[in-house]
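Numbering (my numbering), first residue to last: 7 to 234.
C-beta: ideal position from N, C-alpha, C; glycine also.
Since we're looking at a predicted model, the values are computed, not measured.
Here the structure is laid out as structure tokens; the discussion comes afterwards.
If you want it as structure tokens, here you go:
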């Protein structure tokens with residue numbers, strides 16, 4: 007009886023060893039070939055808290071009306087500035103101009119850049135047209151929108167979850183009349199906010215590494231959404 011047990015154990019060992027070895031080798035190869043779950047090779051374009059942009063109807067620098075419905079079926083990047091701004095607005099708009107170039111906006115029919123003014127009383131369509139010309143903005147694919155201040159500020163707060171307000175200074179210096187977010191917002195083809203990005207290189211980002219990483223991630227996110 008003891009001899010039989012030894013024989014069965016020996017046979018089991020001869021059978022199990024190759025199987026275990028095969029499993030070990032397969033696991034090792036998989037660990038090398040497959041990406042680790044915390045090292046994704048592509049950005050995640052849709053955060054779980056994606057939300058719908060509220061409806062709006064505004065006026066483009068050309069004088070034509072533009073609404074949220076006109077942007078359905080397009081991926082778009084939104085920004086909020088004002089033309090008199092003496093703070094970060096020029097840097098934010100320069101970032102969008104860089105996007106225009108590096109995303110080949112003119113030849114990407116499903117992509118739009120949309121800049122909203124937070125100072126619409128001063129930023130008439132004509133003022134926005136002159137501002138857009140300074141950045142060589144595409145006349146059809148990069149939109150500059152104005153309207154009623156109350157509506158645009160509501161849109162920023164409720165539609166994009168961004169801060170905007172008039173300056174608390176009763177006599178603010180010219181170009182500092184408004185406080186507002188400098189974030190860029192990426193919206194998908196269904197009109198849902200999907201991601202937020204830094205609009206410019208902040209003073210603490212001395213070498214620009216953080217901003218450049220954000221900018222690269224922004225472009226990757228837009229590219230991913232265009233494929234959806």
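Report all residues from its chain with a CB closer than 8 Å to the CB of residue 175; omit the five preceding and five following residues, and keep chain order. Locating residue 175 in the chain shown gives position 169, counting from the first residue. The residues are 182.
In whole angstroms, what is the alpha-carbon distance linking residue 91 and residue 203? Here residue 91 refers to the residue found at position 85 of the chain shown. Here residue 203 refers to the residue found at position 197 of the chain shown. Near 20 Å, if we compare the C-alpha coordinates of residue 203 and residue 91.
Would you mind listing the alpha helix (DSSP H) stretches within the region 148-201 that are 4+ residues and don't spill past its ends, in chain order? 155-160
Helix, strand or coil at residue 232 according to DSSP, with G and I counted as helix: Locating residue 232 in the chain shown gives position 226, counting from the first residue. Helix, per DSSP.
Among 234, 209, 205 and 232, which has the Cα closest to the Cα of residue 220? The count along the chain shown starts at 1 and reaches residue 220 at position 214. Looking at the Cα atoms, 205 is the closest of the given residues.
Selected residue, minimal CA-CA separation from residue 100, among 187, 138 and 161: Counting from 1 along the chain shown, the entry for residue 100 is found at position 94. Comparing Cα positions, the closest option is 138.
Report buried or exposed for residue 143, applying the criterion of at least 16 other Cβ atoms within 10 angstroms of its Cβ. Your numbering for residue 143 matches position 137 in the chain shown. By the 10 Å Cβ count, residue 143 comes out buried.
At what residues does the alpha helix (DSSP H) containing residue 97 begin and finish? On the chain shown, residue 97 is found 91 positions in, with the first residue counted as 1. Start and end: 95-108.
Is the Cβ-Cβ distance between residue 117 and residue 147 less than 9 Å? As a position in the chain shown, residue 117 is number 111, starting the count at 1. As a position in the chain shown, residue 147 is number 141, starting the count at 1. Going by C-beta atoms, residue 117 is nearer than 9 Å to residue 147.
Note the first and the last residue of the continuous alpha helix (DSSP H) segment covering residue 143. One-based indexing of the chain shown puts residue 143 at position 137. From DSSP, residue 143 is part of no alpha helix (DSSP H); its letter is neither H nor E.
When you compare the CB positions of residue 98 and residue 87, do they come within less than 9 Å of one another, or not? Taking the chain shown and counting its residues from 1, one reaches residue 98 at position 92. Taking the chain shown and counting its residues from 1, one reaches residue 87 at position 81. Their beta carbons are under 9 Å apart, which means residue 98 touches residue 87 by this criterion.
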